[in-house]
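Counted the way my numbering counts, the sequence shown spans residues 901 to 1376. Worksheet: the structure to be examined is printed underneath.
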Amino acid sequence: MEQTYHVGIYARLSRDDDRQGESVSIENQRLMLQRHCALQGWEVVETFVDDGWSGTNFDRPAFRRLMEAVRQKRVDLVLVKDLSRLGRDYIQVGKYTDCIFPYYGCRFVALNDGVDTLRQNDDVTMIFKNVINDIYARDTSKKIRAVRRANAESGKFMGYKAPYGYVKSAEEKHRLAIDPAAAEVVRRIFALRKNGAGFQTIADQLNEERILPPRDYFLVSKEEAPAGGAWSRETVRAILKNEAYIGNLVQLKQGSLSYKDHRQRQRPAETWARVEGTHTPIIDRETWQAVRTLDTGGRRPRSTASLFSGLLYCKNCGKAMKRIVNRKMRGGVEREYVYYLCRGDPGHSCCISEPVLKEAVQRELRSHSDRESAGKGTSLEYRRRPLEKRQREVAGFIRRLYEDRAKGALARETYERLMEGYEEELRQLETRLNRLDQEKEVTRELLWNLAERIEVGAHHEVCIRYRTGEGAAVFP
């Protein structure tokens, strides 16, 4: 008599699966699998459901709970409708069916595909099905990207929520309509800025008047509790730069690199979808142009004007130093003089010119670079390179192991032992890379991504603090 299994039923449905109709619905999966458990005399511990989650993403909430139940031995059989419900990444699916589930003594059954790890099915057939599911996910991703770009380039609004001051039209969800109450606040922001008010001044005034910031306004409109946020200079700045307020849509600014990597990254400006005159503007062109001129006119590039922004502090009192720019006529030519003063020193005894500061920083960093010439550089990019290279190598080893196992060229015991070692190394590499990502990276060409804080004392004394990975260091 077959043993009684403690079953974890897993059902998944992505937005793309809706096109397949009722046959793949969550309810259909649940009823089919429950009926099979009843016929087999198996005990259903829990049904785990991920509704609206892609098969290429294995960080699904219900799937994580299922794996925790497997690790705790509450579930010793995982039952799915077919392999594509488990996932559409053939490497990840193979890792679970060939390595992880056997490691925990858990049986895996994909009902419609006839896959049962207890029965030692044809591994080659399962490999082909996994690859087909992976190809389906890649093809679907390409089609969705193409549709999104076509819609964006035709002037349809593709965002989840409308920009502050607008709502999605009741007649057409891909069109924007003006929200009168919020639009009035937008007009006030532009008017204040046009009259010379700074970003923080505008934010402070809106907060004093207890006007809800955009996120809280959206939550209240959905009859949800506000998050208790406040207006900030960044929020004001973003509104003043948004072309939506003059009737234009600029979309597809961010996107993922591939169908398996769902992290959003900034796209190059030339790939954005920009369409003019898609909806009714809130701000007239004259006001828009006046504000843009005010925000950009007379300003120097950020790489020059803000070279030491947020880095300079007085060594005596610890307060931030202020950048002063003076322009004077010398011999019929306008010359620029840049220097830094301590905000807390009325006598300005702590003062350093920018050329002297640059020279001091270059001298100290050059000296530091010489000391690090043995190969132990502190640049974040330099330290990431060998870790990322090893990460790619290990991923390649895992892929080849899986292929060797599928061909029968590698014994299961050897495969599992090697796979477990590589998986552990991958986790350690990911941890080390995450730590590097968390370090504060100051992308200043002059500072070579090293400087985190510069202290300036009397007589042009410069002290640079930076991070090495093992902790903070100070020189000179």
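Glycine residues also receive a C-beta, built at the ideal position from the N, C-alpha and C atoms.
Please go through the same chain and pick out, in chain order, the residues whose beta-carbon is closer than 6 angstroms to the beta-carbon of residue i, but skip the five residues on each side of it.
i       : result
GLN1151 : ALA1052, MET1058, ALA1173
LEU1018 : ARG1007
GLY1177 : GLY1147
ARG985  : ARG912
HIS1074 : LYS1056, PHE1057
Just verifying my parser: in three-state terms, what is the DSSP assignment at residue i?
i       : result
ARG974  : coil
ASP1304 : helix
ILE1089 : helix
GLU1124 : coil
GLN1151 : strand
LEU1212 : strand
ARG1045 : helix
GLU1259 : helix
LEU1112 : coil
LYS1094 : helix
LEU1287 : helix
GLY1198 : Any answer about GLY1198 is weak, because its pLDDT of 46 lies below 50 and its placement is not dependable; what the coordinates show is given next. Coil, per DSSP.
ALA1309 : coil
ALA1130 : coil
GLU1316 : helix
ASP1057 : The question names Asp, but residue 1057 is Phe in the sequence shown. Three-state result, PHE1057: coil.
GLN903  : coil
PRO1179 : Going by the sequence as given, residue 1179 is His instead of Pro. Note: HIS1179 maps to coil in three-state DSSP.
GLU1072 : coil
CYS937  : helix
GLY1296 : helix
Measure the alpha-carbon distance for residue i versus residue j and round it to whole angstroms.
i       : j       : result
TYR1237 : ASN1226 : 5 angstroms
PRO1114 : ARG1165 : 23 angstroms
LYS995  : TYR1302 : 8 angstroms
ASN1095 : ALA1082 : 20 angstroms
GLY1065 : GLU1084 : 8 angstroms
LEU1241 : PHE1208 : 13 angstroms
GLN1154 : ARG1045 : 12 angstroms
ARG1327 : PHE1001 : 18 angstroms
TYR1386 : LEU1310 : The question about residue 1386 has no answer here: the residues shown for the chain are numbered 901 through 1376.
ASP1104 : ILE1111 : 10 angstroms
LYS1061 : ARG1137 : 19 angstroms
THR869  : GLU1293 : Since the displayed the chain opens at 901 and closes at 1376, residue 869 lies outside it and no answer follows.
LYS896  : TYR1213 : No answer is possible for residue 896: it lies beyond the span of the chain, which begins at 901 and ends at 1376.
SER925  : ALA1050 : 29 angstroms
VAL1261 : SER1132 : 33 angstroms
GLU1108 : ARG1088 : 14 angstroms
TYR1004 : VAL970  : 7 angstroms
ASN1349 : ARG1223 : Model confidence at ASN1349 stands at a pLDDT of 42, short of 50, so the residue's coordinates are unreliable; what they give is reported in the following sentence. Taking the straight line from one Cα to the other gives about 21 angstroms.
ARG1317 : GLN972  : 21 angstroms
TYR1366 : LEU1211 : Note that TYR1366 has pLDDT 48, beneath the 50 cutoff, so the model's placement of it is unreliable and the number below is only indicative. TYR1366 and LEU1211: Cα-Cα distance of roughly 11 angstroms.
LEU1011 : GLU1071 : 44 angstroms
LEU1106 : ARG1093 : 13 angstroms
SER1069 : LEU1119 : 18 angstroms
ILE1252 : GLU1259 : 11 angstroms
Using a Cβ-Cβ cut-off of 7 angstroms (strictly less than) and excluding sequence neighbours within five positions of residue i, which residues of its own chain qualify?
i       : result
ILE944  : Note that residue 944 is Val in the sequence shown here, rather than Ile. Within the same chain, VAL944 has close Cβ partners VAL907, ILE909, GLN934, CYS937.
ARG1290 : LEU1329
SER1054 : none
PRO1201 : Confidence at PRO1201 is low in this model, with a pLDDT of 40, below 50, so the placement of that residue is unreliable and no value is reported for it.
GLY1308 : none
Have a look at the DSSP bridge pairing and note the partners of residue i.
i       : result
GLY908  : GLU946, VAL978
ILE1224 : TYR1239
LEU913  : ASP951
PHE1008 : VAL978
GLN1166 : GLN1154
TYR1066 : ILE1078
ASP1016 : VAL1009
Leaving out the 5 sequence neighbours to the left and right, which residues in its chain are closer than 8 angstroms to residue i when beta-carbon positions are compared?
i       : result
GLN1189 : none
TYR1145 : PRO1063, GLY1065, VAL1086, PHE1090, ILE1139, PRO1181, ILE1182, ILE1183, TRP1188
GLY921  : Low confidence applies here, because GLY921 scores a pLDDT of 47, under 50, leaving its location unreliable and the question unanswered by this model.
ASP1116 : PRO1126, ALA1127, GLY1128, GLY1129
ARG960  : ARG912, ASP950, TRP953
ARG1426 : Residue numbering for the chain in the displayed model covers 901 to 1376; residue 1426 lies beyond these limits and cannot be assessed.
ARG1380 : The displayed coordinates of the chain run from 901 to 1376. Any statement about residue 1380 would go beyond what the structure contains.
Between which two residues does the beta strand (DSSP E) holding residue i run?
i       : result
ARG1174 : 1173–1175
SER925  : Here SER925 belongs to no beta strand (DSSP E), and DSSP marks it neither H nor E.
Give the range of the alpha helix (DSSP H) segment to which residue i is assigned.
i       : result
SER1253 : Run containing SER1253: none in the alpha helix (DSSP H); it sits in the beta strand (DSSP E), 1251–1253.
ILE991  : 990–995
PHE958  : From DSSP, PHE958 is part of no alpha helix (DSSP H); its letter is neither H nor E.
PHE1099 : 1099–1108
SER984  : 983–986
ILE1139 : 1133–1141
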